[in-house]
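Notes follow once the structure below has been shown.
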Amino acid sequence: MSLKKGKIRPVKRMTVDNTQEYDEGFDILSSAITVIFQKQARELSYELLYRTAYKLTIRQFGERLYHDVEKVIAQYLESTAEKTIVPAFINSSSESSSTADAGALFLQTIKRVWDDFTTAIDLILQVLYYLNERLPKYNLPSVYDMGLNLFRDKVIRSEKYPIQKQLISAMLTQIQLERNGDVIDRSAIQSAVAMLVELTDPLTGNTVYAVDFEAEYLETSTSFYQIESQKLVSSYDAPEFMRKVEKRLEEEYERTIHCLSMTTEVKIRTIVETQLIANNIKTLMEMKNSGLESMLTADKYGDLSRMYSLFARVPAGLSEMKSNISKYILTMGAGINQHINTDLKSKPTAEKGSGNVAICWVLEVLTLQEKFDKILDLAAAKDKSFQTAFNEAFEKFINDNQKSAEFISLFIDENLKKGLKGKSEDEVDDVLDKTITLFRFLQDKDVFERYYKQHLAKRLLFNRSVSDDAERGMLSKLKRECGYQFTNKLEGMFNDMKLSTEMNGYFKDYLEKSIPSQEIPTLDVSVTVLTSTFWPMNLSASPKCIMPDIVLQACKAFEHFYFDRHNGRRLTWQPQMGSGDVRAHFKSSKHLLNVSTYAMVILLLFNKEDTMSWDDIKNVTQIADQDLKRTLQSLACAKFKILTKSSKGRDILPDDTFSFNKDFTSNMTRIKIQALASKVESDGERKNTQDKVDEERKHQIEASIVRIMKDRKLMEHNLLIAEVTKQLSSRFMPSPVMIKKRIEALIDREYLERSTDDRRSYHYLA
C-alpha cells in the first residue's frame with residue numbers, strides 16, 4: 001500500500017487595508033521630513049521612523065514611498081528657492097561696490113541653503129536606509145543622489161528663477177575682484193564650487209561645475225587676460241612684464257587650489273600662458289632697451305632665466321628664444337671678425353702687432369664663449385638643445401673667419417712660449433683647455449695642424465717653450481680630440497729633438513776622441529736632425545744661404561760624423577730654422593747675442609765691412625728677399641739696434657745701407673734678438689699655405705677612397721661620397737666636387753673603374 005505525498009499549507013492571515021496602512025505610514029514619514037527640514041530633528045524618534053519606512057518597504061510600497069518622498073523634497077526646495085534664495089538676488093543696478101557685497105551675501109545664502117539641505121538629506125537617508133538598500137532592484141538612484149538631483153533641478157537650474165545665472169555671475173564677480181587686488185571671502189566660492197562639483201549633469205554625465213561654471217569661467221578669463229596682456233605690454237619693460245606674468249601664474253594656481261576644482265588648473269594655466277606669454281614672445285624679445293638683446297648684453301642672468309622658464313611653458317617659446325640667441329652670437333662673432341680684420345689691414349703683417357691681433361681675436365672669442373657658457377648654466381638650465389644651438393653659432397662665425405685656424409695656433413704659441421709674463425703653468429694649462437673648445441669648432445683641422453706644426457717647430461728649435469711638460473700636455477689634448485693620426489707627425493718632432501740631444505753628445509765625443517785636434521771646428525755647433533716628413537720644410541725648395549767658412553767647417557765635420565753612423569741617409573741644411581750665439585764688441589761694452597742663423601751670417605759680414613748696402617748683403621749671402629728683409633728689421637729696427645740703417649722707419653728699402661752700431665749699449669750681457677714675433681700671414685703667404693693644404697687633401701681623399709673601395713669592392717657614387725666625407729670630417733670637410741675629381745684621378749690611374757651595369761657605381765681594381 002502506498003501513501004500519497006501532500007502539502008501542509010499555512011493558515012491565511014487576515015487581509016488589511018493596504019492603502020490605509022501606507023497612508024498612515026507615509027503621513028508619519030512626511031511629517032518627519034518636514035520637521036527635519038525645519039532643523040527640529042531632535043524631537044523625532046528615529047526608531048519609530050525607521051520601523052515605519054521598513055514596514056512600508058516590505059509591504060511592497062518601496063517604489064511608491066520613494067517617489068512620494070521625492071515630491072516632498074521637491075516642494076521644500078521650490079519653497080526654499082522662492083523664500084530664501086530669490087530675495088538674496090543681486091540688484092544689477094547697484095553700484096559696483098554694493099554689487100560685490102551683494103554677490104558675497106548671495107553666495108553665503110546659497111552655501112547656507114546647501115549645507116542645510118545636505119544635512120537634512122543625510123538624516124532622511126538614515127530614516128529610509130532599508131528602502132535605500134533595495135533601490136537598485138527598482139533601477140532608481142539612491143536617496144542621497146535623488147536629493148542632489150532635485151537640488152540641481154529645483155534650485156540651481158530652477159525653471160522659475162534665474163538662480164544659475166545669479167550664482168555663476170556672483171562667483172565670477174568675486175574672482176574678478178580678487179584678480180583686481182581686492183580681498184574676498186574665498187570660503188563662499190569654495191563652498192559653491194564643492195556644491196557644483198557634487199552635482200551631475202544628466203546629459204553629459206559631467207559635473208554641473210564643468211558644464212555650468214567652468215566653461216564660462218574660462219571664457220571670461222580669456223577676455224580678462226587679453227586685456228591684461230595689452231596693459232602689461234604698454235606699461236612695463238620686459239623684465240617687469242615677466243615678473244607680472246609669474247605673479248599671475250602663481251595667483252591662478254593658488255586660487256585654483258583654494259577655491260576651484262583641480263580639473264581647472266591646466267585649463268586656466270594654458271589661458272594665462274597663451275595670452276600673456278605665447279602671444280607676446282616676439283614683443284618681449286624685441287622690447288627696446290629691455291628685450292632679449294639687452295639682457296644678453298648686460299648679462300642679466302636672472303631675467304634670462306625667467307624668460308627661459310616662462311617660454312618653456314608654451315609651444316615654440318624656447319625655439320624662438322634659442323634662435324634669437326643664436327642670431328645674437330652670430331652678430332657678435334661677425335663684429336669680432338670684422339674689427340679684427342680691420343686691425344689687420346691697418347697694420348702691415350710684418351709688424352709684431354699683427355700677431356697681437358690674432359691673440360685679441362682668440363681672447364674675444366673665448367670671452368664670448370665664457371659669457372654664453374654662464375648663460376647656459378645660470379639661465380638655460382644647461383639645456384642640451386641650447387648648447388647645441390650655441391655651438392652651431394660659434395662654429396659658423398669662427399669658420400667664417402678664414403684666419404681662425406692660424407689665429408688659434410698663434411694663441412697657443414703665445415701661451416706656450418718661454419717667459420710668458422704673469423701666468424703660472426697651471427694658468428697657462430687652463431687657458432689652453434679653453435682654447436681646445438675653440439679648436440673643436442674648426443672644420444679645417446688640417447689647416448690648423450699645418451700652422452701648429454710651423455709654430456711648434458720654432459718653439460722647439462729656438463728653445464722658447466714654457467716647458468716640455470706643457471708642450472706634451474697640449475699634444476695630449478689634441479690627441480684626445482682628433483686621435484693618433486692627427487698628432488703622429490707632431491710627436492715625431494718631439495722624438496727628433498730627443499734623439500738630436502743624444503746625438504750631439506755623441507758628436508762631441510767624436511770630436512774629442514776620433515779626429516786630430518787641428519781638424520776640430522773652431523765653431524761650437526749643436527745640430528738638430530729633423531725628419532723631413534715630420535717638420536714643416538720643403539726639401540725641393542730649401543732656402544739658399546751662403547755660409548761663412550767657419551760655419552761650413554763645422555757642418556762638414558758633423559756630416560762626416562753622421563754618415564759614418566747612418567749610411568744611405570741624406571742631410572739638407574735648413575738655415576732658416578737655426579740659431580747661433582755671436583760675441584759682439586762695442587765701444588763701451590761686450591755682449592753675447594743670440595740670433596737666428598740668417599742674422600749670424602749677416603753680422604759676421606761686418607767683421608770685414610763697416611757699411612754694406614742691401615744689394616751687397618743679398619749678393620754675398622744669397623738669402624731670399626723676404627727672409628733678408630725680416631732679418632734686417634730684427635737687427636736694425638727692433639728694440640736692440642745692433643745695426644743702423646740709412647733710412648728712417650721700420651721699412652727696409654732697396655737703396656738702404658747698413659752699418660755696425662758701435663755705440664750700442666745695454667745693461668744686459670746676454671741679449672736674445674728674435675726674428676719678428678709670430679705674425680699673421682700675408683694674403684700671399686696664406687694662399688701658399690692653402691695650396692699646400694689642398695695638395696695634402698688630394699692625397700688624403702685618394703687614400704680614403706682606396707681604403708673604402710678595397711673593403712667594399714663595389715660602391716655607388718653617392719654612397720662613396722658620403723663615406724669619404726664621414727671618414728675625413730674630423731680633419732676637414734671635403735666637398736663633393738673635390739671627391740669626384742679624386743675619383744676621376746684614381747680611374748685614370750687604374751685604381752678604380754666604372755661598373756658596366758651602372759655607370760654611377762665603381763669597382764675596385766686589385
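Residue numbers for the sequence shown follow full-length UniProt numbering, so the first one is 1 and each next one is one higher. Using N, Cα and C, we set each Cβ at its ideal position, and we do this for glycine too.
The three-state reading of DSSP puts I329 in helix, counting H, G and I together. Excluding its 5 nearest sequence neighbours in each direction, T657 has C-beta neighbours in its own chain below 6 Å: T611, S613 and S646, listed in chain order.
Following the DSSP letters along the chain, one finds D581 inside the beta strand (DSSP E) bounded by residues S579 to H585. Just measuring C-alpha positions, the residue of L199, L218 and V233 sitting nearest N279 is V233. Taken in chain order, the whole beta strand (DSSP E) runs of length 3 or more contained in the stretch 652-729 are 657-660, 670-672 and 714-716.
The C-beta of K445 has 16 or more other C-beta atoms within 10 Å across all chains shown, which makes the residue buried.
By the Cβ test, the stretch 205-223 is not in contact with the stretch 130-147, since fewer than three Cβ pairs between them sit closer than 8 Å.
The criterion of a C-beta distance shorter than 8 Å is not satisfied by K423 and R464. Residue ranges of uninterrupted beta strand (DSSP E) with 3 or more members, entirely inside the stretch 587-622 and ordered along the chain, are 590-596 and 611-613.
At the C-beta level, L475 and E491 come within 8 Å of one another.
In terms of Cβ geometry, R59 and N18 form a close pair [threshold 8 Å]. DSSP places E159 in the coil class of the three-state scheme, outside both helix and strand.
Q226 and L304 have their alpha carbons spaced roughly 24 Å apart.
Judged by their CB atoms, I359 and F411 are nearer to each other than the 8 Å cut-off. Ranked by Cα distance from L635, the first of A81, D651 and A624 is D651.
For L752, the enclosing beta strand (DSSP E) has its first and last residue at L752 to R754. In terms of CA proximity to Y46, D122 leads the group K83, W114, D122 and N91.
In the three-state scheme derived from DSSP, where H, G and I count as helix and E and B as strand, H763 is classed as strand.
Listed as beta-bridge partners of T644 by DSSP are S659.
Counting the other CB atoms within 10 Å of its CB gives Y76 a total of 16 or more, which places it among the buried residues. Proximity of the stretch 67-82 to the stretch 27-36 meets the contact definition, three or more beta-carbon pairs being nearer than 8 Å. Nearest neighbour of T689 by Cα position, chosen from I701, R450, T669 and S659, turns out to be R450. In the structure shown, the three-state DSSP call for T533 is coil. CA-CA distance, F241 to K231, rounds to 10 Å.
By the neighbour-count criterion, in which a residue is buried when 16 or more other Cβ atoms sit within 10 angstroms of its Cβ, S532 is exposed.
Counting along the chain, the unbroken alpha helix (DSSP H) around G62 starts and ends at G62 to T80. For K165, the three-state secondary structure derived from DSSP is helix. Bounds of any alpha helix (DSSP H) do not take in A316, whose DSSP letter is neither H nor E. Taking the Cα of I340 as reference, the smallest distance to any Cα among V365, K322 and A316 is reached at V365. Only exposed fits T297, as fewer than 16 other CB atoms lie within 10 angstroms of its CB. Residue environment for L203: exposed (fewer than 16 other C-beta atoms within 10 angstroms of its C-beta). Judged by DSSP secondary structure, E395 falls within the alpha helix (DSSP H) whose first and last residues are K384 to D400. When only Cα atoms are considered, L260 and P315 end up about 26 Å apart. Counting other Cβ atoms within 10 Å of its Cβ, Y484 stays below 16 and is therefore classed as exposed. When the alpha-carbon of R731 is set against those of C555, E750 and T487, the nearest one is in T487. Beta-bridge analysis with DSSP links K267 to no other residue.
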